[in-house]
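Chains as they are written, first to last, in UniProt numbering: chain V, 1 to 327; chain U, 1 to 327.
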């Protein structure tokens, strides 16, 4: 009796799209006693066999195995065509579909539109992957929305069993709408990836004098460029909040540049028009800048050999901060 | 005899500029048995007393104590005026001057220009601070250049004793010219701080669905904004390589944006001019884009409800990468 109850929580999970992430999830599901089958256009028999997963090259054969859960682990850009090529009619009518894409409104709408009304839908986003989830999943975030689950208690139990797998691995379970996910992910994951891509494009190099902060950035670049550009592009194209966040990033960059160059301009101007001169000199014909510049050229900035006279009023012996910083 | 030898390695260090970083170094120097005195315009008697440091409000009194090492720990922006206000004539002629600024060519030139030829000069940059060097200094980088050390063996020994303090704390000692330091620091520390400042300006917020990568960025923002804007501005103004690096960062950002939007443009164009139409249709009067757009408007992008038909040729069942990423 007890044995039977324990077996009930074990699921038959069919993974569609057996790339890096599909394999990553399959491995852990199989190791926890779930029956895992997989399909992919690329023949992954060998990889599958090694991790205890039955592989089906033929997607009709795959569906005829009647997995209780169909887990979509295809890329964002290909999920739509993957779903359209899936012979859903060969599955049991009450199958649970789960996606694990890094964007959420798009698959939610796609699954609601493409799948028959009998099918259950759970949208999820494990906020980690093969790198950050290599060892334990403890404390790593797992977002989900129960988009459409039939009222049958067995269906509700099936969803709970699926979620239980992640909960028992130590994930922090976050129930959230797909819409809210996409808002938050645009200002977190998409921005993180954009920073990683930008710094990767700069080809930053490790030096002998790295700070801890710089090493954190190098680490970010490595993790980001481990992912394909397709993937990053998916975050941009399929999350409608991404464009706004990219714009916010650009504006912030402009603000910082203005702070740096605006200040430089103030210093140069202070050298051109020292306070005592301001009162005495002729006011000019509205072209004072050009005239003064002709008689007192601005030194090349920044000039290390002849350091700039900085605005007065600094507390020279007790700087509010330090000459060395530790980021 | 042995005792005397051990005492020889203990130095009398006078710290000029007793802000956060000066106190940070003073504490550790004093705890390792070095005699530490300090001066600052702000009366830091209380702070100094607590960490076993003798404080002199009067800078002449400070110099008359004849510290063997004068350690400049003032801010980058104030170091020039600090040095000009220092009654160097009250010090012993063979004093060793050490700076710990985050830029190096500027203090090197300043010290060479302002100090009498009898004075020894060591330029250093501990690549850490009160945050990252809170516990152990093991593995943290310490850069230095022996800019001008008199040939007297006692002077050479004094420099080595000073460096030994950092070496024994576990620092990775990096001997490097100030010029090379500034080249490397511009593409490492200055870029790190710029990214931190930009993201700080965006006011990124922690969410329920943070990834590890995003948390690394939040951490960077916190550490960066712990430092004053003056300090960041010093890295920019007094390192002549900083402007070039800022430009490289800007160009990299533009490149990434072009990759995103250029690709979007390709997709939109593919929808306007499908391959089969390209052969058949009239070539137009060099204004094909406008004409086609009038009859087949581009859908709003990104359109989650009606996802874009993506360029064909994707391996739909075996994505080269995954739908979930873990940065």
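Beta carbons: idealized from backbone N, C-alpha and C, even for Gly.
Let me check one thing: in DSSP terms, what residues is residue i bridge-paired to?
| i | result |
| --- | --- |
| residue 47 (chain U) | DSSP, once it has assigned bridges, lists no residue as partnering residue 47 (chain U). |
| residue 62 (chain V) | Its beta-bridge partners do not exist; DSSP assigns none. |
| residue 141 (chain U) | U:172 |
| residue 35 (chain V) | V:12 |
| residue 148 (chain V) | V:121 |
| residue 247 (chain V) | Answer is none; residue 247 (chain V) lacks a bridge partner. |
| residue 116 (chain V) | Looking at the DSSP assignment, residue 116 (chain V) forms no beta bridge with any residue, so it has no partner. |
| residue 55 (chain V) | V:38 |
| residue 126 (chain V) | V:142 |
Taking buried to mean at least 16 other C-beta atoms within 10 Å of its own C-beta, is residue i buried or exposed?
| i | result |
| --- | --- |
| residue 187 (chain V) | buried |
| residue 151 (chain U) | exposed |
| residue 153 (chain U) | exposed |
| residue 302 (chain V) | Only weak support is given to the placement of residue 302 (chain V): the predicted model assigns it a pLDDT of 43, under 50, and the value that follows is read from those uncertain coordinates. Buried: at least 16 other Cβ atoms inside 10 Å. |
| residue 117 (chain U) | exposed |
| residue 74 (chain U) | buried |
| residue 41 (chain V) | buried |
| residue 295 (chain V) | With a pLDDT of 33 at residue 295 (chain V), under the threshold of 50, the modelled position of this residue cannot be trusted, and the question is left open. |
| residue 66 (chain U) | exposed |
| residue 227 (chain U) | buried |
| residue 238 (chain U) | buried |
| residue 34 (chain V) | buried |
| residue 135 (chain V) | exposed |
| residue 193 (chain U) | buried |
| residue 223 (chain U) | buried |
| residue 26 (chain V) | buried |
| residue 258 (chain U) | exposed |
| residue 247 (chain U) | exposed |
| residue 262 (chain V) | exposed |
| residue 215 (chain V) | exposed |
In chain order, what residues of the same chain lie with their CB nearer than 8 Å to the CB of residue i, ignoring the 5 residues before and after it?
| i | result |
| --- | --- |
| residue 140 (chain U) | 126, 127, 128, 132, 133, 170, 171 and 172 |
| residue 210 (chain V) | 218 |
| residue 240 (chain U) | 105 and 182 |
| residue 242 (chain V) | 186, 190, 235 and 236 |
| residue 231 (chain V) | 75, 76 and 102 |
| residue 37 (chain V) | 12, 13, 14, 15, 53, 54, 55, 56, 62, 65 and 67 |
Just to confirm before moving on: does the CB-CB distance between residue i and residue j stay below 8 Å?
| i | j | result |
| --- | --- | --- |
| residue 77 (chain U) | residue 98 (chain U) | no |
| residue 120 (chain V) | residue 148 (chain V) | yes |
| residue 47 (chain U) | residue 30 (chain U) | no |
| residue 191 (chain U) | residue 111 (chain V) | no |
| residue 88 (chain U) | residue 115 (chain U) | yes |
| residue 162 (chain V) | residue 11 (chain V) | yes |
| residue 124 (chain U) | residue 103 (chain U) | no |
| residue 252 (chain U) | residue 198 (chain V) | yes |
| residue 225 (chain U) | residue 200 (chain U) | yes |
| residue 83 (chain V) | residue 59 (chain V) | no |
| residue 18 (chain V) | residue 44 (chain V) | yes |
| residue 69 (chain V) | residue 91 (chain V) | no |
| residue 24 (chain U) | residue 130 (chain U) | yes |
| residue 144 (chain V) | residue 175 (chain V) | yes |
| residue 213 (chain U) | residue 249 (chain V) | no |
Going by beta carbon distance, what residues of the same chain come within less than 6 Å of residue i, once the five residues before and after it are set aside?
| i | result |
| --- | --- |
| residue 310 (chain V) | Caution applies to residue 310 (chain V), whose pLDDT of 42 falls short of 50 and renders its modelled position unreliable; the model cannot decide the point. |
| residue 276 (chain U) | At residue 276 (chain U) the pLDDT is 46, less than 50, meaning the model places this residue with poor confidence; the figure from the coordinates comes in the next sentence. So the list is empty, once near-sequence residues are dropped. |
| residue 22 (chain U) | 15 and 73 |
| residue 96 (chain U) | 69, 120 and 158 |
| residue 142 (chain V) | 126, 166, 171 and 173 |
| residue 137 (chain V) | 169, 170 and 171 |
Go through its chain and collect everything with a Cβ distance to residue i's Cβ below 7 Å, but skip five positions before and after it.
| i | result |
| --- | --- |
| residue 156 (chain U) | 149 |
| residue 245 (chain U) | 186, 187, 190 and 191 |
| residue 146 (chain U) | 122 and 159 |
| residue 9 (chain U) | 161 and 164 |
| residue 20 (chain V) | 130 |
| residue 206 (chain V) | 218 |
| residue 32 (chain V) | 165 |
For chain B, find out if any of its Cβ atoms is closer than 8 Å to the Cβ of residue i; answer yes or no.
| i | result |
| --- | --- |
| residue 252 (chain U) | The chain inventory of the structure shown lacks chain B, comprising the protein chains V and U. |
Starting from the N-terminal side, write out each stretch of the alpha helix (DSSP H) that is 4 residues or longer and does not extend beyond the region 152-228 of chain U. Every unbroken stretch of the alpha helix (DSSP H) spanning 4 or more residues and falling wholly within the region 152-228 of chain U is given here in chain order: 153-168, 178-185, 191-202 and 212-226.
Which complete alpha helix (DSSP H) runs does the region 65-110 of chain V hold, if anything under 4 residues is left out? 79-84, all fully within the region 65-110 of chain V.
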